[in-house]
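Heads up: the sequence shown begins at 7 in this note's numbering, then just goes up one per residue.
Remarks on the structure that follows.
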Amino acid sequence: MRHLSVEELEKRRREPDLAELVPAIRQALEDGDDSQVITVHDPAGWVLWRLGSVTALGIADALGLVEGACWREDAVGTNAAGTALIERCGLLCIANEHYVAAHHPFSCAAAPLYDAWDQRRLLGILNVTTLKKNVHANTLTMVELAARLVPSQARKAHEDKLTPLREVALLTLHRFGTPVVLTDGCGHVVESRRIARKHQLLPLPTQVRDQPFDYPLLGGRWVVEPFMAGWLWRPAGAGSLPATRVELDVREHTRWSLTVHKAGTSMSYDLSKRYVEILFLLAWSPAGRTSAELVQDVYGGATTTETVRSLFSRMRKEFGRELFHSEPYRFRDHLDVMLNKPDDLAELLPFSTAPAIRRIRADSAGLMDACAPSTTERGEC
């Protein structure tokens with residue numbers, strides 16, 4: 007079993023979005039049986055916290071369910087936390103449904119923890135493990151309810167802390183004759199004026215070397231400056247600098263990202279399952295894919311080309327309108343596209359049932375000859 011170093015464990019625990027949920031998780035689930043262990047996993051599957059009685063923690067030690075351990079499926083086989091991480095839904099794993107025989111005396115229930123400010127953003131996994139004799143019909147429901155309730159409570163508590171900043175904003179922002187947004191230090195929107203696109207969360211770019219910088223979520227170019235305990239966002243013109251490089255990272259089993267590099271700034275985005283499938287196929291096939299081909303590649307023909315066009319419309323709004331050509335859909339010619347993929351393509355996007363992705367995995371495993379649709383230029387393996 008893989009383990010984090012003490013330094014890396016502490017670094018991951020310092021991520022505020024997940025750390026602030028732990029006290030509420032303890033309160034929500036503290037009345038469980040004496041053998042119940044509660045674990046909180048990050049989006050990469052590492053156990054960052056665990057809660058339980060002395061007896062329960064002793065049992066967890068014997069299982070290897072310890073802080074810093076990796077409980078993804080590729081590390082310990084089928085288990086509720088690892089499978090919930092892939093499926094992004096609540097899951098109950100009872101007794102011999104576990105892959106490892108030593109886990110058969112136990113049952114576990116897990117559910118994803120999503121950011122209450124941005125429901126597309128996975129914060130981690132909440133898992134409850136107990137003896138199989140103690141599992142009951144409502145075990146999974148209880149864990150799923152806690153996984154939904156705890157982030158909502160954390161958001162409410164965070165909003166209460168923003169009250170002083172909001173009161174100042176109400177007295178100040180109306181003085182600006184241009185659009186303006188006030189966020190806290192983490193990008194949560196406190197107040198805005200003259201903004202057409204309303205957002206609850208505006209993540210700061212991964213890297214800002216120069217201002218103003220492009221920000222697709224708001225459109226145009228923006229300047230950000232400190233304001234009390236937060237950031238004041240002001241527009242600096244509607245023009246947009248072209249992206250120069252995009253970096254797609256699909257090496258992880260459960261978390262994938264797109265980083266868009268422009269002059270003076272870089273912006274990273276966590277990707278949904280559908281987004282990462284589509285973007286991988288564009289990076290893999292530089293000549294591009296038509297909407298009709300993507301219907302087959304991704305959906306197996308079970309949808310229409312309008313679905314594909316709508317998806318690209320959403321991605322343009324989120325990542326930048328200048329990234330893609332249409333029909334065939336592909337990254338624009340001036341972009342340097344970097345694809346970071348697993349060393350073993352048989353491990354590529356293990357959740358995906360998209361026919362084109364399955365063909366690539368199968369080809370890598372030596373089960374099929376075709377790696378990608380024959381009508382496209384294939385990326386390097």
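Glycine is no exception: its CB is placed at the ideal position from the N, C-alpha and C atoms.
Source: prediction; values computed, not measured.
Worksheet item: CA-CA distance, residue 19 and residue 13?
Response: Taking the straight line from one Cα to the other gives about 10 angstroms.
Worksheet item: So is the beta-carbon of residue 263 under 7 angstroms away from any non-hydrogen atom of the ligand COA?
Response: Annotation note on the ligand COA: not contained in the displayed structure, which lists no ligands.
Discussion item. Suppose contacts are defined by Cβ-Cβ distances below 8 angstroms. Is residue 132 in contact with residue 153 by that definition?
Written reply: yes
Worksheet item: Can the beta-carbon of residue 263 be found less than 8 angstroms from the beta-carbon of residue 276?
Response: Closer than 8 angstroms, so yes.
Item to complete: Could you check if residue 85 is buried or exposed, using at least 16 other CB atoms within 10 Å of its CB as the buried criterion?
Response: That one is buried.
Item to complete: Taking all protein chains shown into account, decide if residue 230 is buried (16 or more other Cβ within 10 angstroms of its Cβ) or exposed.
Response: buried
Worksheet item: Where residue 326 and residue 70 are concerned, what is the direct C-alpha to C-alpha distance, given to the nearest angstrom?
Response: 44 angstroms
Discussion item. Per DSSP, what are the beta-bridge partners of residue 236 in this structure?
Written reply: DSSP links residue 236 through a beta bridge to 190, 233.
Worksheet item: Distance, Cα to Cα, residue 285 vs residue 254?
Response: 8 angstroms
Item to complete: Using only alpha-carbon positions, find the residue among 107, 199, 113, 108 that is nearest to residue 181.
Response: 199
Worksheet item: At a cut of 8 angstroms, does the stretch 215-225 reach the stretch 134-148 through at least three beta carbon pairs?
Response: Between the stretch 215-225 and the stretch 134-148 there are fewer than three inter-stretch CB-CB distances shorter than 8 angstroms, so the stretches are not counted as touching.
Worksheet item: How about residue 189 and residue 236: do their beta carbons lie closer than 8 angstroms?
Response: Yes, Cβ-Cβ distance for residue 189 and residue 236 is below 8 angstroms.
Fill in: Segments assigned alpha helix (DSSP H), at least 4 residues, entirely inside the stretch 32-116
At a cut-off of 4 residues, the continuous stretches assigned as alpha helix (DSSP H) that sit fully inside the stretch 32-116 are 60-69, 79-82, 86-93.
Worksheet item: By DSSP, does residue 262 sit in helix, in strand, or in coil?
Response: Three-state DSSP puts residue 262 in coil, outside helix and strand.
Worksheet item: For residue 48, is the classification buried or exposed, using 16 other Cβ atoms within 10 angstroms of its Cβ as the cut-off for buried?
Response: buried
Worksheet item: Excluding five sequence neighbours on each side, which residues of the same chain lie with their C-beta closer than 6 angstroms to the C-beta of residue 385?
Response: Because the pLDDT of residue 385 is 42, which lies under 50, any placement of that residue in the model is unreliable, and the number read from its coordinates should be weighed accordingly. 290, listed in sequence order.
Item to complete: For residue 167, name the three-state secondary structure that DSSP assigns.
Response: helix
Discussion item. For residue 364, tell me which candidate among 23, 303, 37 has the shortest Cα-Cα distance.
Written reply: 303
Discussion item. Considering only the alpha carbon of each residue, which of 232, 192, 279 lies closest to residue 209?
Written reply: 192
Practice prompt. Under the assumption that residue 258 contacts residue 50 (Cβ atoms under 8 angstroms), give the Cβ distance between them as a whole number of angstroms.
Written response: 6 angstroms
Practice prompt. Go through the stretch 252-327 residue by residue and report every complete run of the beta strand (DSSP E) that reaches 3 residues or more, in order.
Written response: 263-268, 271-276
Worksheet item: Over what stretch of residues does the beta strand (DSSP E) that includes residue 197 continue unbroken?
Response: 195-199
Discussion item. Suppose you measure from the CA of residue 21 to the CA of residue 119; what does that come to, to the nearest Å?
Written reply: 14 angstroms
Item to complete: Pull up the distance between the alpha-carbon of residue 74 and that of residue 45, whole angstroms please.
Response: 11 angstroms
Fill in: Residues that residue 131 bridges to, as DSSP identifies them
47, 118
Practice prompt. Measure the C-alpha to C-alpha separation of residue 375 and residue 369 and round it to an integer number of angstroms.
Written response: In this predicted model, residue 375 has a pLDDT of only 48, less than 50, meaning its place in the structure is not dependable enough to derive any value.
Worksheet entry | Contact under 8 angstroms by Cβ, residue 268 with residue 220 | yes
Worksheet item: Around the Cβ of residue 126, are there at least 16 other Cβ atoms within 10 angstroms (buried) or fewer (exposed)?
Response: exposed
Practice prompt. Quick one: give me the first and last residue of the beta strand (DSSP E) that residue 345 is part of.
Written response: 342-346
Worksheet item: How long is the line joining the alpha carbons of residue 28 and residue 280, rounded to whole angstroms?
Response: 30 angstroms
Fill in: Proximity below 8 angstroms, CB of residue 306 to CB of residue 335
no
Discussion item. Taking DSSP's pairing of strands, which residues face residue 207 in a bridge?
Written reply: 194
Worksheet item: Between residue 174 and residue 217, what straight-line distance do the alpha-carbon atoms span, to the nearest angstrom?
Response: 25 angstroms
Discussion item. Please state the DSSP three-state secondary structure of residue 20.
Written reply: Residue 20 falls in the coil class under three-state DSSP.
Fill in: residue 158 to residue 148 span [Cα, whole Å]
If I take the Cα positions, the gap works out to 16 angstroms.
Fill in: Endpoints, the alpha helix (DSSP H) within which residue 364 is located
361-370
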